[in-house]
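Enquirer: Using our numbering, you'd call the opening residue of the sequence shown number 17 and step up by one each time.
Got a structure for you, written out below as structure tokens; questions coming shortly.
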Amino acid sequence: MDNNKATLELGTKPVGRLLMQYAMPAIIAMTAASLYNMVDSIFIGQGVGPMAISGLALTFPFMNLGAAFGAAVGVGASTCISVKLGQKDYDTAQHILGNTVTLNLIVGILFSVVSLLFLDDILYFFGASPQTIPYARDYMVVILLGNVFSHMYFGMNAVLRASGKPRQAMYATMFTVVMNTILDPLFIYVLDMGIRGAAFATILSQLMALTWQMRLFSNKNELLHLRRGIYRPIGMIVRNIIGIGMSPFLMNVCACVVVIFINKGLLAYGGDLAVGAYGIVNRVAFVFVMIVMGINQGMQPIAGYNYGAQQTERLMRVVKLAMIAATAVTTLGFIIAETIPSECARLFTADGELIGMSAHGMRIVMFTFPIIGYQMVVTNFFQSIGRARVSIFLSLSRQMLFLLPMLIILPPTMGVNGVWLSMPMADTVASVVTAIIMVRYVKKQKTIPTPSRKEEA
Numbered sequence: 017m018d019n020n021k022a023t024l025e026l027g028t029k030p031v032g033r034l035l036m037q038y039a040m041p042a043i044i045a046m047t048a049a050s051l052y053n054m055v056d057s058i059f060i061g062q063g064v065g066p067m068a069i070s071g072l073a074l075t076f077p078f079m080n081l082g083a084a085f086g087a088a089v090g091v092g093a094s095t096c097i098s099v100k101l102g103q104k105d106y107d108t109a110q111h112i113l114g115n116t117v118t119l120n121l122i123v124g125i126l127f128s129v130v131s132l133l134f135l136d137d138i139l140y141f142f143g144a145s146p147q148t149i150p151y152a153r154d155y156m157v158v159i160l161l162g163n164v165f166s167h168m169y170f171g172m173n174a175v176l177r178a179s180g181k182p183r184q185a186m187y188a189t190m191f192t193v194v195m196n197t198i199l200d201p202l203f204i205y206v207l208d209m210g211i212r213g214a215a216f217a218t219i220l221s222q223l224m225a226l227t228w229q230m231r232l233f234s235n236k237n238e239l240l241h242l243r244r245g246i247y248r249p250i251g252m253i254v255r256n257i258i259g260i261g262m263s264p265f266l267m268n269v270c271a272c273v274v275v276i277f278i279n280k281g282l283l284a285y286g287g288d289l290a291v292g293a294y295g296i297v298n299r300v301a302f303v304f305v306m307i308v309m310g311i312n313q314g315m316q317p318i319a320g321y322n323y324g325a326q327q328t329e330r331l332m333r334v335v336k337l338a339m340i341a342a343t344a345v346t347t348l349g350f351i352i353a354e355t356i357p358s359e360c361a362r363l364f365t366a367d368g369e370l371i372g373m374s375a376h377g378m379r380i381v382m383f384t385f386p387i388i389g390y391q392m393v394v395t396n397f398f399q400s401i402g403r404a405r406v407s408i409f410l411s412l413s414r415q416m417l418f419l420l421p422m423l424i425i426l427p428p429t430m431g432v433n434g435v436w437l438s439m440p441m442a443d444t445v446a447s448v449v450t451a452i453i454m455v456r457y458v459k460k461q462k463t464i465p466t467p468s469r470k471e472e473a
């Protein structure tokens, strides 16, 4: 079986080539996903106006919260599947697939219903003003109505990567980008739907990609496929999925809380346009963050499989290569942010004041980017091998232990610059903590005797 062969390669093929094989499709997919978000912002900013950009920025906490519940299922399930495939426990891996579908349906529907019931109250809590809430509301109503499709789409893509199909996961993501780019101008300009048009384009693109994913998983010749008898929730499987997925869940929930404080601080000290400036800075930084996430997604099945197979030498090599690649990516982001920030901002808006605010914030926020790449990799590494507690701590430390206190302390004395400066300062402290924890883990692994394994670079 081709799929079985691809799975076995995770433990035998040279690690350098294997990471390239898995990471490149994921990098392309994540780059496409970041462009997907940029396309929405660009069309909204240029086609609807600067206040719409601010309204869109208010939805970031909502999107983080939705992503938190999606990651709890998708990332947890994909990690569990990788480990079970490494252990050759194919029957359990099959049931994890079925439970992933069930959990995504339950979580996606519940999140939508609760959010729609309290939508305006939530948006005001997130930092909306009377000028920006109409845009945020119009966008989120459509997104929440289609939320179950989004949850399922992201969950199935994670499982595709874990089951040895990184290219198919890439194709699904690229398809959503292409379709979103086509549908955005159609809905926003031709049909004059404004910001709601961007939301409809997003949901329809993901729904079409999900249809194709389900067709792939319906193929009975595949090692993992949808069949009767695998959808009933099994306590042990659900606990394992949620236990491992708790790290990215908490990371996204913390991101939601932090963005609320950022939006409120910017609104208080800089006004609605400052919130829009953060939306632009966030989108630019997101491009590089998503590429690193692509590297992490390429590393995850390799790390999970080799950890399950107790091949420590291969495990440590893949995390080392991923850290090097991630650092190169974030350093490129730093160079762009420090040299051409205004040019980046002009992609989203023609408003001179908003461009100036965005360029200023971009230079500050991305100043420490060269040191955050390895931090993201290490956090994902511990998640990939099922060390949920360490991963959760690293996820929480940057957001809650370092960034949140700075967002409370600095703005009252430094104004809007205090909000901007909080982010690189927290990144610096979190990176030091991450380095200490990883060094200790590596030293511990060196004391554990393992069979020597020859492999090519």
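All residues carry an ideal CB built from backbone N, CA and C; glycine is no exception.
Keep in mind it's a predicted model, so treat the numbers as computed, not measured.
Consult DSSP for Y247 and reduce its assignment to one of helix, strand or coil.
Expert: Here residue 247 corresponds to residue number 231 of the sequence shown, with the count starting at 1. Residue state, collapsed to three classes: coil.
Enquirer: Taking the beta carbon of T531 as the centre, do at least 16 other beta carbons fall within 10 Å, making it buried, or is it exposed?
Expert: With the chain covering only 17 through 473, there is no way to say anything about residue 531.
Enquirer: With DSSP collapsed to three states, give me the class of F85.
Expert: For the purposes of this step, residue 85 is taken as residue 69 along the sequence shown, with counting starting at 1. F85 falls in the helix class under three-state DSSP.
Enquirer: In whole angstroms, what separates the C-alpha of I149 from that of L417?
Expert: To locate residue 149, count along the sequence shown from 1; it is residue 133. To locate residue 417, count along the sequence shown from 1; it is residue 401. Their backbone Cα atoms lie some 30 Å apart in a straight line.
Enquirer: Thinking just about the alpha-carbon of each residue, which of G402, A87, G65, V123 is nearest to the one in V164?
Expert: The sequence position of residue 164 within the sequence shown is 148, counting from 1. Nearest option by C-alpha distance: V123.
Enquirer: Report yes if the CB atom of M54 is closer than 7 Å to the CB atom of M306, and no otherwise.
Expert: Translated into positions along the sequence shown, residue 54 becomes position 38. Translated into positions along the sequence shown, residue 306 becomes position 290. It is not a contact, given that the beta carbons lie outside the stated cut-off.
Enquirer: Decide if D443 is buried, meaning its Cβ has at least 16 other Cβ atoms within 10 Å, or exposed.
Expert: As a first step, residue 443 is located in the sequence shown; it is residue number 427 there, counting from the start. It counts as buried.
Enquirer: For T343, count neighbouring Cβ atoms within 10 angstroms of its own Cβ and tell me buried if that reaches 16, exposed if not.
Expert: Here residue 343 refers to the residue found at position 327 of the sequence shown. Result: buried.
Enquirer: Three-state secondary structure (DSSP) at V254?
Expert: Numbered from its first residue, the sequence shown carries residue 254 at position 238. DSSP places V254 in helix when its eight states are reduced to three.
Enquirer: Using 8 Å as the cut-off, can you tell me whether the region 420-427 makes contact with the region 436-451, which would need three or more C-beta pairs spanning the two stretches below that distance?
Expert: Because the criterion of three Cβ pairs below 8 Å is met, the region 420-427 and the region 436-451 touch.
Enquirer: Let me confirm a value: S234 is counted as buried when at least 16 other C-beta atoms fall within 10 Å, else exposed. Which label applies?
Expert: Indexing the sequence shown from 1 puts residue 234 at position 218. The residue is exposed, with fewer than 16 neighbouring Cβ atoms inside 10 Å.
Enquirer: Report the three-state DSSP secondary structure of T444 (helix, strand or coil).
Expert: Residue numbering aside, residue 444 sits at position 428 when the sequence shown is read from its first letter. T444: helix per DSSP, three-state reduction.
Enquirer: Let me know the alpha helix (DSSP H) ranges lying completely inside the region 70-143, each 4 residues or longer, listed in chain order.
Expert: List check, alpha helix (DSSP H) in window: 76-102, 106-133, 135-141.
Enquirer: Just reading off the alpha helix (DSSP H) that N196 is part of, what are its end residues?
Expert: If you number the sequence shown from 1, residue 196 lands on position 180. Where N196 is concerned, the enclosing alpha helix (DSSP H) stretches over 182-201.
Enquirer: I need the DSSP call for D208, collapsed to helix, strand or coil.
Expert: Position 192 of the sequence shown holds residue 208. Reduced to three states, the DSSP call for D208 is coil.
Enquirer: Return yes when at least one heavy atom of the ligand ZN lies under 6 Å from the C-beta of Y205, else no.
Expert: Inclusion of the ligand ZN in the displayed structure is not the case, the ligand content being empty and no account of it being possible.
Enquirer: Please report the residue range of the alpha helix (DSSP H) in which D288 lies.
Expert: One-based indexing of the sequence shown puts residue 288 at position 272. Residues 288-324.
Enquirer: Looking at V175 and S94, is the spacing between their C-beta atoms short of 7 Å?
Expert: Residue 94 sits at position 78 when you count from the first residue of the sequence shown. Residue 175 sits at position 159 when you count from the first residue of the sequence shown. Against a cut-off of 7 Å, the Cβ pair of V175 and S94 comes out as a contact.
Enquirer: If you run the structure through DSSP and keep just helix, strand and coil, what is I401?
Expert: Counting from 1 along the sequence shown, the entry for residue 401 is found at position 385. Three-state DSSP puts I401 in coil, outside helix and strand.
Enquirer: Provide the residue span of the alpha helix (DSSP H) that contains F165, from first to last.
Expert: What you label residue 165 is simply residue 149 of the sequence shown in a count that begins at 1. Start and end: 163-178.
Enquirer: Looking at S98: is its Cβ nearer than 7 Å to the Cβ of P317?
Expert: Here the question's residue 98 lines up with position 82 in the sequence shown. Here the question's residue 317 lines up with position 301 in the sequence shown. For S98 and P317, yes; Cβs fall inside 7 Å.
Enquirer: Taking the CB atoms as reference points, tell me whether A68 and I58 lie closer together than 7 Å.
Expert: Within the sequence shown, numbered from 1, the residue matching residue 68 stands at position 52. Within the sequence shown, numbered from 1, the residue matching residue 58 stands at position 42. The answer is no: Cβ separation not under 7 Å.
Enquirer: Assign S413 to one of three DSSP states: helix, strand, or coil.
Expert: The count along the sequence shown starts at 1 and reaches residue 413 at position 397. Residue state, collapsed to three classes: helix.
Enquirer: With P357 as the anchor, note down where its alpha helix (DSSP H) starts and where it stops.
Expert: Working through the sequence shown from its first residue, we reach residue 357 at position 341. Residues 357-362.
Enquirer: Could you tell me the alpha carbon to alpha carbon distance between Y481 and T429, rounded to whole angstroms?
Expert: The question about residue 481 has no answer here: the residues shown for the chain are numbered 17 through 473.
Enquirer: Taking Cβ positions, are G213 and I219 nearer each other than 7 Å?
Expert: Within the sequence shown, the letter at position 197 stands for residue 213. Within the sequence shown, the letter at position 203 stands for residue 219. No, they are not a contact pair.
Enquirer: With distances taken Cα to Cα, identify the nearest neighbour of N173 among G143, L34, L113.
Expert: One-based indexing of the sequence shown puts residue 173 at position 157. Checked all of G143, L34, L113; the closest Cα to N173 is L113.
Enquirer: For A446, which residues in the same chain have their Cβ closer than 7 Å to its Cβ, ignoring the five residues on either side in sequence?
Expert: Here the question's residue 446 lines up with position 430 in the sequence shown. Same-chain partners within the cutoff: Q391, S413, R414, F418.
Enquirer: So the candidates are Y323, Y294, L119; which of them puts its Cα closest to the Cα of G281?
Expert: As a first step, residue 281 is located in the sequence shown; it is residue number 265 there, counting from the start. With distances taken between Cα atoms, G281 lies closest to Y294.
Enquirer: My output table needs one value for G32: the three-state DSSP class, helix, strand or coil.
Expert: Looking up residue 32 in the sequence shown gives position 16. In the structure shown, G32 sits in a helix (DSSP, three-state: H, G or I).
Enquirer: Give a yes or no on whether the C-beta atoms belonging to F265 and V335 are separated by under 7 Å.
Expert: By 1-based counting over the sequence shown, the position of residue 265 is 249. By 1-based counting over the sequence shown, the position of residue 335 is 319. Contact flag unset, no.
Enquirer: Compare the Cα-Cα distances from V291 to each of K29, Y321, R403, G143 and report the closest residue.
Expert: Counting from one through the sequence shown, the residue named residue 291 turns up at place 275. Ranking K29, Y321, R403, G143 by Cα distance to V291 puts G143 first.
Enquirer: At the level of alpha carbons, what is the spacing between Q184 and G389?
Expert: By one-based count along the sequence shown, residue 184 stands at place 168. By one-based count along the sequence shown, residue 389 stands at place 373. Q184 and G389: Cα-Cα distance of roughly 26 Å.
Enquirer: I think V117 touches Y247, with their Cβ atoms under 8 Å apart; what is that distance to the nearest whole Å?
Expert: Position 101 of the sequence shown, counted from the first residue, corresponds to residue 117. Position 231 of the sequence shown, counted from the first residue, corresponds to residue 247. About 6 Å separates the two Cβ atoms, so the contact holds.
Enquirer: For the 8 Å Cβ check, are there 3 or more pairs between the region 375-385 and the region 349-361?
Expert: The region 375-385 vs the region 349-361: in contact.
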